[in-house]
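Just so you know, we're using our numbering here: the sequence shown kicks off at 9 and counts up by one.
All C-beta atoms in this analysis are idealised placements derived from N, C-alpha and C, irrespective of residue type, glycine included.
Step one of this worksheet: look at the structure below.
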Amino acid sequence: MLEARRVRRFAGLVAAGKRIYIPHTPRTELRDTVELATRLRKETMEPVPHVAARRIENFAALDDFLARLSGEAGVSQVLIVAGDAAKPSGVLGSALEILESGVLEKHGIRTVGVAGHPEGHPDIGEAVLRDALRRKNLYAQKTRTSVYIVTQFTFSAGPVIAWEVSHAGDIGLLPITVGLPGLATARTLLKYAVECGIGASLKAFSKRYDSLTKLLTIARPDETIVDLARYKEQTPQSRIAGVHFFTFGGFERTAAWANQIASGNFEVTEGGKLMLI
């Protein structure tokens, strides 16, 4: 929420109708999420609040939260996650409990993002992650809700591509939005990567930024974007449908850069970098 307060006006930075995700952190109060979602709606954005199961006390609180999001901010899209709290705040422990309860349909939530973990999860086994993906597919088919996957952020395309291939049967027809780090210092990104349990791609990234000078430079996800685009071009059946930036305090910087890329104002260098023109 602190980052959002520093943004004077979202409408001047991001095109109308773009999804803006609202994280549900340990310090986030549900009323703050409703307030920010309402602001984003007024500024012509599409607010997508995170709903973290382990941070909500019970179904009554969840019902009230969704009612306010829908009624006050016109929210029709959410990102449902379990949340990283070691101990649930109440009776809810997983994203699937929310999905399978029917509460989203009750409040007109017809587009739902769910979590994907190409590099695994530090506290959840592979079999459990696969089962969760299959059940989320079943939820989409049963309710005809538009469900898509948002992956944990990654520093390279390789783990995402390998995950899509190896988990094709679990992913099914769900579109994949690949999580990417926004423009921030390498030191900041490394800090969040460790906290989020990023795996193989973190090792490669840390080797590239192995000195204090490099750690203070602004890192960009150029090569990852180029590699994903080339993979999508060569593999049209891929479920990869777009990217989502985790801005980590650099919203305005990331938005300005992403707008240039989206407008096609760039060239790809021989080294796979995106050079603005």
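Can you name the residues that DSSP bridges to residue i?
i	result
residue 53	Looking at the DSSP assignment, residue 53 forms no beta bridge with any residue, so it has no partner.
residue 129	132
residue 161	187
residue 285	Beta-bridge pairing links residue 285 to no other residue.
residue 194	Per DSSP, none; premise fails for residue 194.
residue 227	192
Quick one, are the C-beta atoms of residue i and residue j less than 9 Å apart?
i	j	result
residue 106	residue 173	no
residue 228	residue 191	yes
residue 282	residue 230	yes
residue 68	residue 102	no
residue 77	residue 45	yes
residue 236	residue 186	yes
residue 189	residue 256	yes
residue 100	residue 62	yes
Could you give the DSSP three-state label for residue i: helix, strand or coil?
i	result
residue 138	helix
residue 64	coil
residue 35	coil
residue 251	strand
residue 213	helix
residue 24	coil
residue 274	strand
residue 117	coil
residue 45	helix
residue 245	coil
residue 266	helix
For residue i, collect the residues of the same chain with a Cβ closer than 8 Å to its Cβ; drop the 5 residues on either side in sequence, then sort them by chain order.
i	result
residue 51	17, 18, 19
Quick one, which of the options has its alpha-carbon nearest residue i's?
i	options	result
residue 120	213, 29, 233	29
residue 147	161, 180, 165	180
residue 34	271, 96, 244, 240	96
residue 183	275, 15, 122, 84	122
residue 27	232, 255, 53	53
residue 87	93, 118, 170	118
residue 112	155, 49, 37, 135	155
Looking only at its chain, what residues have a beta carbon closer than 7 Å to the beta carbon of residue i, apart from the 5 residues adjacent to it on each side?
i	result
residue 273	284, 285
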